[in-house]
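These protein sequence lines map, in sequence, to chains A and B. All residue numbers for the first sequence refer to my numbering, where the first residue is 1 and numbers rise by one. All residue numbers for the second sequence refer to my numbering, where the first residue is 1001 and numbers rise by one.
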Amino acid sequence: MLHRFPLTAVAALLLLAPGTALAQTTASSEIDLSSTVVASCGVGAPSLTVLDLHELSGPDGRLDPSKRSSNTLASTTIADAWCNAPNRLTFGTKPMTLQETRAYAQPAYMARDITYDATLVGWGPFDTTRRPHTGDDSVSLASSHPYATSSSGLVLNISKLETMTAGKVEDPSLMLEAGHYKGTVTITLTTVN
Amino acid sequence: MKAIIPVLGAALLTGVATPAFAQDSQSVDIIGTAAAFCTLPTSWHFQSSTNNVSSSQFSGTTWSINPTLIADNTGAGVSSTTEVAIRVRGTGSCNTSHTITLRSINGGLANTTVTTPVSGFERTRRMTYNANWTGTTAGVIGWIPTGPGDTASYDYVGIAPPGTHDFDVRMGLVRDPTAGPMLAGTYTDNLVITITIPG
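(1) For a minimum of 3 consecutive residues, which ranges assigned as the beta strand (DSSP E) are wholly contained in the segment 37–91 of chain A?
(2) Run through DSSP, which three-state label would C1038 (chain B) get?
(3) Between which two residues does the beta strand (DSSP E) harbouring M1182 (chain B) extend?
(4) Starting from K182 (chain A), find everything on chain B with Cβ-Cβ shorter than 9 Å and list it in chain order.
(5) How about N1111 (chain B): is its C-beta nearer than 7 Å to some C-beta of chain A?
(6) Look at the alpha carbon of V139 (chain A) and the alpha carbon of T90 (chain A), and state the distance between them as a whole number of angstroms.
(7) For G1092 (chain B) versus T1039 (chain B), is the C-beta spacing smaller than 7 Å?
(8) Tell me the start and end of each unbroken beta strand (DSSP E) in the segment 88–131 of chain A that is at least 3 residues and wholly inside, in chain order.
(9) From the DSSP output, read off the bridge partner residues of H1098 (chain B).
(10) Give me the Cα-Cα distance between A1020 (chain B) and S40 (chain A), rounded to the nearest whole angstrom.
(11) What would DSSP say about L174 (chain A), mapped onto helix, strand or coil?
(12) When Cβ atoms are compared, which residues of the segment 1131–1164 of chain B fall closer than 9 Å to chain A?
(13) Between D1166 (chain B) and chain A, is there a C-beta pair that is closer than 7 Å?
(14) Please determine, among B:A1131, B:V1088, B:P1181, B:T1116, the residue with the shortest C-alpha to C-alpha distance to R1125 (chain B).
(15) Establish whether the CB of T1091 (chain B) and some CB of chain A are separated by less than 7 Å.
(16) Can you round the beta-carbon distance between S69 (chain A) and S159 (chain A) to whole angstroms, since I take them to be within the 8 Å contact cut?
(17) According to DSSP, is T25 (chain A) helix, strand or coil?
(18) I'd like to know whether the C-beta of I187 (chain A) is nearer than 7 Å to at least one C-beta of chain B.
(19) What is the rounded straight-line gap between the Cα of N1095 (chain B) and the Cα of A178 (chain A)?
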């Protein structure tokens, strides 16, 4: 019996020894890692930055009937557009206006401004169309979620031109004044709170 | 523990960075041109005349002037202050500044069957011409050519273009005294109207 006891005691010591070591050397702390991904948006370069509709007038000097078509006359694609946070897309359009300055007032029977349909396809579920008249025609589309265009990108289509009076009223009977015409479409993506 | 402090400090610095509101934008220009153009009437119709000229005297592009208005039956040139004139009209168009030019091939009503003057006879009658967009006082007005091939022009530069508009040509016979009898024959002139657009 005596002979067996020490063996038991030895075994007990061996078991206790590791427990004692843990209680004495373990310490814990926490390290927080923090960083920020800045809310941002990106709009890639359009495949075409200038959409040339070429000669606008028909044989009678009025807008060529083909330019009034609802079919797309010209288009350009932005392959990548995205926002990684809630955002707002602003679609700004300005009518095509005569670039040359004339020494006389605009005659009532002639046009120096042309409106058109600018349709944006690929941002959200719905197409957006603006028809600029005054030069300050824009629309904002707010989204509460991050968004990125699909592989087909963001497509801008131009169609349905029409001449306008000096008062910016559409009038197909007007003759276009000779010269160069230019309008601008601006697509802006902005993050919002 | 001390070794951890710098790590926590760095984490705090990163955490207070202010999120920026980003914006990106692209623009596309839509361009086109309207070519400068002008057209003159392709046909003319009688518009008005003085009492001694009838509409039937104008046909197509020709005014056939009654010979009695030029010379009497003795060949003497008719001298009168009573105007003999006709106005014809057609539709033209223009969308830009332009110049109207008139050219009188014979320099007035002239007998061109003889190439050299015959002493003692008259072989021309003076004509006066107007060319202008209807309703405007601007244009070639009261021009009297003095020799074959004479021209007169009016610049519609800095003036609103007419769009599609009526265009008038007025032709008048100036019946001033003649120095001698009129040479027998046919008297003609050819009035050429040209619109040019400055380059």
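We treat Cβ as the ideally placed atom computed from N, Cα and C, and that holds for glycine. This one's a predicted model, so the numbers in the text were calculated from it and none came from an experiment.
If we stick to the structure as given:
(1) Correct list: 41–43, 50–55, 74–78, 81–83.
(2) Annotated three-state conformation of C1038 (chain B) is strand, per DSSP.
(3) Counting along the chain, M1182 (chain B) falls outside any beta strand (DSSP E), and DSSP gives it neither H nor E.
(4) Per Cβ cutoff of 9 Å: D1029, I1030, I1031, G1032.
(5) No, no contact with chain A.
(6) Taking C-alpha positions only, V139 (chain A) is separated from T90 (chain A) by approximately 6 Å.
(7) Taking 7 Å as the Cβ cut-off, G1092 (chain B) and T1039 (chain B) qualify as a contacting pair.
(8) Here the runs fully enclosed are 113–121, 128–130.
(9) Answer is B:Y1156.
(10) The predicted model places A1020 (chain B) with a pLDDT of 42, which falls under 50 and marks its position as unreliable, so this point remains unresolved.
(11) Of the three classes helix, strand and coil, the one that applies to L174 (chain A) here is coil, per DSSP.
(12) Result list: V1157, G1158, I1159, A1160, P1161, P1162, G1163, T1164.
(13) It does not: the Cβ of D1166 (chain B) has no partner Cβ on chain A nearer than 7 Å.
(14) With distances taken between CA atoms, R1125 (chain B) lies nearest to B:P1181 out of B:A1131, B:V1088, B:P1181, B:T1116.
(15) Answer no: the Cβ-Cβ gap between T1091 (chain B) and chain A never drops below 7 Å.
(16) About 7 Å separates the two Cβ atoms, so the contact holds.
(17) Secondary structure of T25 (chain A) (DSSP, three-state): helix.
(18) Taking Cβ atoms only, chain B reaches closer than 7 Å to I187 (chain A), which makes this a yes.
(19) Here the alpha carbons of A178 (chain A) and N1095 (chain B) stand approximately 6 Å from one another.
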